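Have a look at the structure below, then the notes.
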Amino acid sequence: MAEEEKESPFNIKKLLQSVVSHGASDLHIVSRSEPQIRLSGKLKRVNLPVMDGEITEEMCYSVLTEKQKQEFEETNELDFAIEVPGMARFRGNYYRVMGDVAAAFRIIPVGIPSMDDLGSPPLYRKLIKREKGMILVTGPTGSGKSTTLAAMINEINITEYKHILTVEDPVEFIHQNVKSLFSHRNVGPDTNSFAAAMKGALRQDPDIVIIGEMRDRVTVEAGLTMAETGHLVFGTLHTSSAAGTIGRIIDVFSGDEQPAIRAMIANSLVAVISQMLLPKLGGGRVAAAEIMVKNNALGALIRDEKMHHIYSQMQIGQGDSGMQTQTQAILAYYADKKVSKEVAIQYANRPDEMREQLQKLYGV
Numbered sequence: 001m002a003e004e005e006k007e008s009p010f011n012i013k014k015l016l017q018s019v020v021s022h023g024a025s026d027l028h029i030v031s032r033s034e035p036q037i038r039l040s041g042k043l044k045r046v047n048l049p050v051m052d053g054e055i056t057e058e059m060c061y062s063v064l065t066e067k068q069k070q071e072f073e074e075t076n077e078l079d080f081a082i083e084v085p086g087m088a089r090f091r092g093n094y095y096r097v098m099g100d101v102a103a104a105f106r107i108i109p110v111g112i113p114s115m116d117d118l119g120s121p122p123l124y125r126k127l128i129k130r131e132k133g134m135i136l137v138t139g140p141t142g143s144g145k146s147t148t149l150a151a152m153i154n155e156i157n158i159t160e161y162k163h164i165l166t167v168e169d170p171v172e173f174i175h176q177n178v179k180s181l182f183s184h185r186n187v188g189p190d191t192n193s194f195a196a197a198m199k200g201a202l203r204q205d206p207d208i209v210i211i212g213e214m215r216d217r218v219t220v221e222a223g224l225t226m227a228e229t230g231h232l233v234f235g236t237l238h239t240s241s242a243a244g245t246i247g248r249i250i251d252v253f254s255g256d257e258q259p260a261i262r263a264m265i266a267n268s269l270v271a272v273i274s275q276m277l278l279p280k281l282g283g284g285r286v287a288a289a290e291i292m293v294k295n296n297a298l299g300a301l302i303r304d305e306k307m308h309h310i311y312s313q314m315q316i317g318q319g320d321s322g323m324q325t326q327t328q329a330i331l332a333y334y335a336d337k338k339v340s341k342e343v344a345i346q347y348a349n350r351p352d353e354m355r356e357q358l359q360k361l362y363g364v
C-alpha cells in the first residue's frame with residue numbers, strides 16, 4: 001500500500017515540496033481540476049491530470065490523524081498545520097465542494113523573517129516597545145499579515161525578556177525562546193476555542209498576548225480587557241482599512257454594548273496596521289500598509305461614534321508618529337518605480353483618490 005502511494009503522482013507532501021521549490025505561496029486541491037499553486041499572486045496549474053473526488057479524498061485523508069478525520073467528517077471544515085521536514089510548514093484548510101473533499105495550503109516559512117528582511121517601517125519598532133495596549137495587524141487573506149506580525153514578535157523575542165502567549169488556529173510560526181518565553185497554544189489540541197483560551201490567559205501571567213484571529217465578542221472583549229490591564233495585545237482581522245477594522249470590532253457587539261466597547265477601544269488601542277500585497281514591477285510583491293496610530297483626536301472620534309471622520313483625520317495626521325493612509329503608502333511605491341500606475345489604482349481602497357493624486361503629483 002505504501003509503495004502504491006509512493007508511486008502515485010497525487011501525493012500531498014510531494015505537491016507541498018513543489019510549492020517550496022517553485023517559490024509559491026499556496027496549493028489548491030479541488031476535484032474536476034488539476035492541482036494549482038499560487039505564484040507571485042497568480043494561480044498556475046501543476047502538470048498533473050485532472051483529479052476526481054475519489055483522488056482528492058484519498059490525497060487529503062492521507063496526512064490526517066484519526067481525530068482530524070473525525071472532526072472533518074462531523075463539520076466539513078478543518079484547520080490544521082502540516083510540516084514538510086527541512087523545508088516548510090503549511091497551514092491547511094479542508095472543506096467540501098459539491099460533496100467532494102477540497103483543500104487549500106498556505107506556506108509558513110521555516111525561518112522567521114526579521115523586520116529588516118521585510119523592510120518594515122521604523123515605526124513598528126516603536127510600537128512593539130509599548131508596555132500595554134492593543135495593536136491590530138489586518139488585511140485580506142494572503143496579505144502577509146501573519147508574516148509581518150511574526151517579524152514584530154521575533155524582534156521582541158531577541159530584545160526583551162517577556163512571557164509571550166499565542167492563541168492560534170493553527171499555530172503558524174513557531175518561535176524558539178531567545179530572551180522571551182513562548183507559550184504557543186493551538187486551538188483544538190491545547191484549548192477548545194479562542195474564547196476559552198482568552199478566559200484563562202490572565203491566570204497564565206503573560207506580558208504579551210497574540211490572538212490569531214479576533215472572531216467573536218468574548219475573544220474581542222477579553223483582548224480589550226487585557227490591553228487595559230497592563231498587557232500588550234496583538235490581534236489579526238480580515239479587514240482592509242483602519243476605520244473598517246474598528247467598525248468590525250464594534251459591530252460584534254449589540255447596540256446597547258457598543259458605547260462601552262467604543263470607550264475601551266479609545267482607551268486601549270495603540271495602532272492598526274492594514275496591509276495589502278501588490279504585484280511589483282519586475283516580479284515579486286511589495287507590502288503596502290495603512291498605519292493608524294491612535295492619538296487624542298482619533299480616540300475622541302472612536303468614543304463619539306464618528307467613524308466616518310477617521311480617514312480624514314488620518315490624512316490630517318499623515319507623517320505624525322509615522323501615520324500614513326493606504327494611498328500614501330502605494331504612492332511611495334509608485335514614486336520608487338516599484339509598482340505601475342495600473343496596479344496603484346487597481347489595489348487602492350480609494351481608486352478615485354489614487355487617480356487624483358497620481359495626476360496631481362506625477363501628471364499621469
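Counting from 1, position 34 in the sequence shown corresponds to residue 34 in full-length UniProt numbering; the numbering is continuous, with no gaps. All residues carry an ideal CB built from backbone N, CA and C; glycine is no exception. Just so we're clear, the structure is a prediction, and the values are computed from it rather than from any experiment.
Query	Result
I'd like to check one pair, M134 with V270: are the Cβ atoms closer than 8 Å?	yes
Straight-line CA distance for A332 to V286?	11 Å
Cα-Cα, which of G139, G188 and Q204 is closest to I164?	Q204
Please report the residue range of the alpha helix (DSSP H) in which I249 lies.	A242 to D251
My output table needs one value for T141: the three-state DSSP class, helix, strand or coil.	coil
Look at M59 and F10 and say whether their C-beta atoms are less than 8 Å apart.	yes
Does the Cβ of H231 have 16 or more other Cβ atoms within 10 Å, making it buried, or fewer, making it exposed?	buried
Runs of 3 residues minimum, wholly inside the region 48–126: which ones carry the beta strand (DSSP E) assignment?	78–84, 88–97 and 100–109
Rounded to whole angstroms, what's the CA-CA distance from L358 to A288? Just pull it up for me.	16 Å
Given this structure, state the Cα-to-Cα distance separating M115 from P140, to the nearest angstrom.	21 Å
By how many angstroms is the C-alpha of V63 removed from the C-alpha of L78?	13 Å
Using the rule of at least 16 other Cβ atoms within 10 Å of the residue's Cβ for burial, across every protein chain shown, is P351 buried or exposed?	exposed
What separation, rounded to the nearest whole angstrom, lies between the Cα atoms of D117 and D336?	18 Å
Which one of G282, G283, K341 and A242 has the shortest CA to CA distance from M314?	A242
Using 8 Å as the threshold, is the region 273–284 in touch with the region 33–42, meaning 3 or more CB pairs across them?	yes
Suppose the cutoff is 8 Å on Cβ atoms and the five residues either side in sequence are ignored; what does the same chain contact list for H309 look like?	L301
Give me the Cβ distance between T219 and A195, rounded to the nearest whole Å; I'm assuming they're in contact under 8 Å.	5 Å
What residue from M98, V272 and S340 has the CA that sits closest to V30's CA?	M98
Identify whether V339 lies in helix, strand or coil by the three-state DSSP scheme.	coil
Run the CB neighbour count on V343, radius 10 Å, all protein chains shown included, and call it buried at 16 or more, exposed below.	buried
In chain order, which alpha helix (DSSP H) runs of at least 4 residues are fully inside the region 202–290?	217–228, 242–251 and 258–268
Quick check: the Cα distance between H28 and K360, rounded to an integer number of angstroms?	42 Å
When DSSP builds the beta bridges, which residues end up paired with L136?	G235 and V272
Below 8 Å on the Cβ atoms is my guess for G255 versus V293; work out the distance and round it to an integer in Å.	Contact doesn't hold; Cβ gap of about 29 Å is too wide.
Going by the CB atoms, is the gap between A88 and I112 shorter than 8 Å?	no
If we ignore side chains and look at the alpha-carbon of each, how far apart do R96 and P35 end up?	15 Å
How far does the beta strand (DSSP E) with D26 in it extend, from its first residue to its last?	D26 to I29
Taking the beta carbon of T138 as the centre, do at least 16 other beta carbons fall within 10 Å, making it buried, or is it exposed?	buried
Kindly confirm or deny that the region 260–274 and the region 204–216 touch, where touching means at least three C-beta pairs closer than 8 Å.	no
Give the DSSP-derived three-state secondary structure of K199 in the structure shown.	helix
State buried or exposed for G363, treating a residue as buried only when at least 16 other CB atoms are found within 10 Å of its CB.	exposed
Does DSSP classify M37 as helix, strand or coil?	Sequence check: residue 37 is Ile here, not Met. Reduced to three states, the DSSP call for I37 is strand.
Flag this pair as touching only if the region 146–154 and the region 169–184 have three or more C-beta atom pairs under 8 Å; answer yes or no.	yes
Taking the CB atoms as reference points, tell me whether L136 and L224 lie closer together than 8 Å.	no
How many angstroms separate the CA atom of M307 from the CA atom of G247?	7 Å
Given this structure, state the Cα-to-Cα distance separating E74 from Q17, to the nearest angstrom.	30 Å
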